[in-house]
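At position 44 of the sequence shown the residue is numbered 44 (UniProt numbering), and the sequence of numbers has no breaks.
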Amino acid sequence: MRIEATVSDKGQITIPRALRDRLGIRPGDVLRHQPPRVIRGGAASSA
Numbered sequence: 001m002r003i004e005a006t007v008s009d010k011g012q013i014t015i016p017r018a019l020r021d022r023l024g025i026r027p028g029d030v031l032r033h034q035p036p037r038v039i040r041g042g043a044a045s046s047a
């Protein structure tokens with residue numbers, strides 16, 4: 001399953017519902033980032 005999220009101007013992302021459901025992520029859960037598990041897909045275009 002490949003899921004992408006876009007970083008907001010505040011540095012936040014929204015975890016897509018499909019991934020939250022699959023992993024059982026609920027409001028208030030704490031998530032830990034453990035490199036290299038997050039892959040940067042590319043830079044935002046500057047328009």
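No residue lacks a Cβ here, since even glycine has one placed at the ideal position from N, Cα and C. On a predicted model such as this, the values are computed, not experimentally measured, just so you know.
Exercise. On the three-state DSSP scale, how would you describe L31?
Worked result: coil
Exercise. Helix or strand or just coil, what does DSSP make of R22?
Worked result: helix
Exercise. Which value, in whole angstroms, describes the spacing of the CA atoms of I3 and V30?
Worked result: 19 Å
Exercise. Hey, how far is the Cα of L19 from the Cα of I25?
Worked result: 8 Å
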